[in-house]
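Novice: Below is one structure. I have some questions about it.
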Amino acid sequence: GAASTLLAQCNAALTRMDELKQGHTVFQGYFGDVDPFAIVHPLDTLKSVGQRKIAADEVLRNSSAEWDALCGFKAGASRFNEIFGADVDPFQCDPVRDHREWSGKSHEAQQGMQPLEPLVSALSAFELRFPKQTPSNWMEAADKRRNVLEDESRDAAKQKQATEQEIEALDRKRLAMPS
Numbered sequence: 016g017a018a019s020t021l022l023a024q025c026n027a028a029l030t031r032m033d034e035l036k037q038g039h040t041v042f043q044g045y046f047g048d049v050d051p052f053a054i055v056h057p058l059d060t061l062k063s064v065g066q067r068k069i070a071a072d073e074v075l076r077n078s079s080a081e082w083d084a085l086c087g088f089k090a091g092a093s094r095f096n097e098i099f100g101a102d103v104d105p106f107q108c109d110p111v112r113d114h115r116e117w118s119g120k121s122h123e124a125q126q127g128m129q130p131l132e133p134l135v136s137a138l139s140a141f142e143l144r145f146p147k148q149t150p151s152n153w154m155e156a157a158d159k160r161r162n163v164l165e166d167e168s169r170d171a172a173k174q175k176q177a178t179e180q181e182i183e184a185l186d187r188k189r190l191a192m193p194s
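For what it's worth, our numbering labels the leading residue of the sequence shown as 16, then goes sequentially.
So, in structure tokens, the structure goes:
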């Protein structure tokens with residue numbers, strides 16, 4: 016009764032075990048000497064790996080986009096160094112503010128130079144008229160020439176006065192003579 020039922024169950028279990036043993040041999044051929052219960056179902060593994068691949072692809076896309084942006088910044092950074100110098104802190108550099116300050120100083124300088132423009136024009140005209148002389152040399156020569164002319168003018172005035180006195184003396188002498 017009970018023993019024959021138990022024997023039949025054991026034989027059925029052994030038959031199933033023989034079938035499973037063949038499957039286990041095939042399993043070991045694919046996966047090696049591992050515990051089949053420790054292995055997750057291949058579809059679950061595929062699903063998990065697929066999700067990790069999607070996440071890794073997203074990280075790769077983000078990293079590639081960031082890399083491309085950084086490569087663009089690298090070109091800009093080298094251009095920044097060419098323009099502003101390697102010793103300038105890009106976080107402190109404010110070209111717009113610097114330009115505004117420079118423009119203000121330039122405007123002040125132009126306003127300061129405005130009264131000097133007639134003098135600059137006069138110097139330019141002098142250089143065109145007297146290309147081989149400096150203003151100080153010209154002034155020195157002009158002073159010497161003026162002194163010479165003043166001396167000549169004084170001499171001429173003295174001669175004129177002497178001549179006028181002679182004419183007066185002659186006129187007086189002529190009038191004093193009987194006719």
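Quick reminder that beta carbons are idealized off the backbone N, C-alpha and C, glycines included.
1) When DSSP labels each residue in this structure, what does Thr40 get in the three-state scheme?
2) Assuming Gly47 is part of the alpha helix (DSSP H), what are its boundary residues?
3) Figure out for me which residue from Phe99, Asp104 and Gly127 has the closest Cα to the Cα of His114.
4) Can you tell me which of the three DSSP states Gln66 falls into?
5) Distance, Cα to Cα, Asp59 vs Glu73?
6) Just how far apart, CA to CA, sit Trp117 and Pro150?
7) Is any heavy atom of the ligand FMN found at a distance shorter than 7 angstroms from the C-beta of Phe99?
8) Any idea what DSSP makes of Pro51, helix, strand or coil?
9) What are the boundary residues of the alpha helix (DSSP H) that includes Val135?
Specialist: To lay it out plainly:
1) helix
2) Per DSSP, Gly47 lies in no alpha helix (DSSP H) segment and is marked neither H nor E.
3) Phe99
4) helix
5) 21 angstroms
6) 34 angstroms
7) Of ligands this structure carries none, so the ligand FMN is not represented either.
8) Of the three classes helix, strand and coil, the one that applies to Pro51 here is coil, per DSSP.
9) Segment Glu132 to Arg144, the alpha helix (DSSP H) holding Val135.
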